[in-house]
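First to last, the sequence lines map onto chains A and B. Every number in the working numbering is 8 more than the matching position in the first sequence, counting from 1. Every number in the working numbering is 8 more than the matching position in the second sequence, counting from 1. Notes to accompany the following structure.
Protein chains: 2
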Amino acid sequence: MIGRLNHVAIVVPDLAAAAARYSGPLGATVSAPQALPDHGVRVVFVELPNTKIELMEPLDDGSPVAGFLAKSPSGGMHHVCYEVDDIAAARDRLVASGARVLGDGTPKTGAHGKPVLFLHPKDFDGCLIEIEQV
Amino acid sequence: MIGRLNHVAIVVPDLAAAAARYSGPLGATVSAPQALPDHGVRVVFVELPNTKIELMEPLDDGSPVAGFLAKSPSGGMHHVCYEVDDIAAARDRLVASGARVLGDGTPKTGAHGKPVLFLHPKDFDGCLIEIEQV
């Protein structure tokens with residue numbers, strides 16, 4: 009069911025400094041920063057030949073990732089995003105298996121303007137999984 | 009400098025159960041388990057169209073990932089691995105930038121039989137980065 013790894017998301021305390029590390033010492037191509045107010049984050053994408061790394065910092069104290077940084081001030085890996093063909097079918101299959109979908113189960117619009125859902129990390133070995141319909 | 013995302017590694021408390029979640033509800037292709045005694049882990053690879061997810065459990069209490077599970081008993085994301093063409097040149101560039109390489113800076117042999125090094129997570133926003141020469 010899951011297809012490509014769309015991206016890995018990493019929460020960072022200072023987006024400009026993090027972007028400079030990926031474009032400098034790591035020598036990758038990094039996009040311009042963009043605010044995603046619906047998600048409470050500002051992000052850049054590190055463009056790799058086969059996938060992307062999403063670096064994100066909170067837009068404000070109410071950001072969903074502000075709590076993550078409060079626990080892990082240095083930042084850390086936040087989630088992985090897998091592509092699916094049909095997000096409603098994917099959700100139904102996951103829920104039938106006993107996995108929990110965060111929120112009310114209605115897909116939201118993700119960073120790429122596509123429908124997304126998040127799965128409960130407790131059901132996947134502590135890993136927060138986003139699924140995105142492409 | 010960094011090329012493809014080779015894999016994302018996730019530490020899991022029960023490899024067979026985790027493999028079943030990825031092959032079942034998530035519907036992915038999962039390799040047979042293999043022990044990597046040099047790394048103190050047993051792993052399976054979730055084969056995605058563009059990259060791999062490495063699920064790993066400790067081989068024994070002395071495993072480098074046993075401490076991770078002691079802190080996070082449910083498991084969690086552990087590291088990301090980027091491909092590089094020349095690991096010695098990559099190491100020298102990173103060290104020159106002030107980044108710390110774990111161990112004595114001599115590449116070890118990774119899960120795929122290739123030279124690998126790990127970078128200090130404090131230098132990369134709390135994210136443990138493996139680089140692998142391909």
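From the three backbone atoms N, C-alpha and C, an ideal C-beta is built for every residue, glycine too. Quick caveat: nothing in here was measured; it's all calculated off a predicted structure.
Which of the three DSSP states is assigned to residue i in this structure?
{"i": "residue 118 of chain B", "result": "coil"}
{"i": "residue 53 of chain A", "result": "strand"}
{"i": "residue 142 of chain B", "result": "coil"}
{"i": "residue 61 of chain B", "result": "strand"}
{"i": "residue 1 of chain B", "result": "Not covered by the structure: residue 1 of chain B. The range shown for chain B is 9 to 142."}
{"i": "residue 110 of chain B", "result": "coil"}
{"i": "residue 127 of chain B", "result": "strand"}
{"i": "residue 23 of chain B", "result": "helix"}
{"i": "residue 40 of chain A", "result": "coil"}
{"i": "residue 95 of chain B", "result": "helix"}
Using a C-beta to C-beta distance shorter than 7 Å, which residues of chain A count as neighbours of residue i?
{"i": "residue 80 of chain B", "result": "134"}
{"i": "residue 59 of chain B", "result": "13, 58, 59"}
{"i": "residue 110 of chain B", "result": "Correct list: empty, because the minimum Cβ distance to chain A is about 16 Å."}
In chain order, what residues of the same chain lie with their CB nearer than 6 Å to the CB of residue i, ignoring the 5 residues before and after it?
{"i": "residue 89 of chain B", "result": "14, 15, 138, 140"}
{"i": "residue 31 of chain A", "result": "38"}
{"i": "residue 54 of chain B", "result": "30, 36, 38, 61"}
{"i": "residue 26 of chain A", "result": "20, 63"}
{"i": "residue 91 of chain A", "result": "11, 12, 14, 140, 142"}
Taking Cβ-Cβ distances shorter than 7 Å, what residues in chain B pair up with residue i?
{"i": "residue 18 of chain A", "result": "133, 135"}
{"i": "residue 102 of chain A", "result": "33"}
{"i": "residue 39 of chain A", "result": "The contacting residues do not exist; residue 39 of chain A stays about 15 Å from chain B at best."}
{"i": "residue 107 of chain A", "result": "33"}
Tell me where the beta strand (DSSP E) around residue i begins and ends.
{"i": "residue 75 of chain A", "result": "Premise fails: residue 75 of chain A lies in the alpha helix (DSSP H), 74-79, not in any beta strand (DSSP E)."}
{"i": "residue 18 of chain A", "result": "13-19"}
For residue i, which residues of its own chain have a beta-carbon under 7 Å away from its beta-carbon, when the five flanking residues on both sides are left out?
{"i": "residue 66 of chain B", "result": "48, 49, 73, 74, 77"}
{"i": "residue 99 of chain B", "result": "109, 113, 125"}
{"i": "residue 102 of chain A", "result": "109, 127"}
In chain A, which residues lie with their C-beta within 8 Å of the C-beta of residue i?
{"i": "residue 130 of chain B", "result": "82"}
{"i": "residue 88 of chain B", "result": "16, 61, 85"}
Rank the options by C-alpha distance to the C-alpha of residue i and give the top, closest one.
{"i": "residue 58 of chain A", "options": "B/91, B/129, B/12, B/119", "result": "B/12"}
{"i": "residue 121 of chain B", "options": "B/44, B/103, B/23, B/10", "result": "B/44"}
{"i": "residue 46 of chain A", "options": "A/112, A/130, A/70", "result": "A/70"}
{"i": "residue 85 of chain B", "options": "A/101, A/134, A/41", "result": "A/134"}
{"i": "residue 115 of chain A", "options": "A/107, A/94, A/131", "result": "A/94"}
{"i": "residue 112 of chain B", "options": "B/118, B/41, B/127", "result": "B/127"}
{"i": "residue 22 of chain A", "options": "A/40, A/82, A/10, A/34", "result": "A/82"}
{"i": "residue 107 of chain B", "options": "A/33, A/9, A/96, A/17", "result": "A/33"}
{"i": "residue 24 of chain A", "options": "A/17, A/109, A/42", "result": "A/42"}
Name the chain B residues that come within less than 9 Å of residue i, Cβ to Cβ?
{"i": "residue 99 of chain A", "result": "Ordered by position in chain B, no residue passes the 9 Å Cβ test against residue 99 of chain A, which lies about 11 Å from the chain."}
{"i": "residue 9 of chain A", "result": "33, 34, 35, 36"}
{"i": "residue 27 of chain A", "result": "Under the 9 Å cutoff, chain B gives no residues; its nearest Cβ is about 11 Å from residue 27 of chain A."}
Quick one: residues in its chain with C-beta nearer than 8 Å to the C-beta of residue i, no 5 flanking neighbours on either side, listed in chain order?
{"i": "residue 124 of chain A", "result": "89, 95, 115, 116, 117, 118, 138, 139, 140, 141"}
{"i": "residue 129 of chain A", "result": "135, 136, 137"}
{"i": "residue 132 of chain A", "result": "107"}
{"i": "residue 87 of chain A", "result": "16, 17, 126, 135, 136, 137, 138"}
{"i": "residue 40 of chain B", "result": "52"}
{"i": "residue 68 of chain B", "result": "48, 74"}
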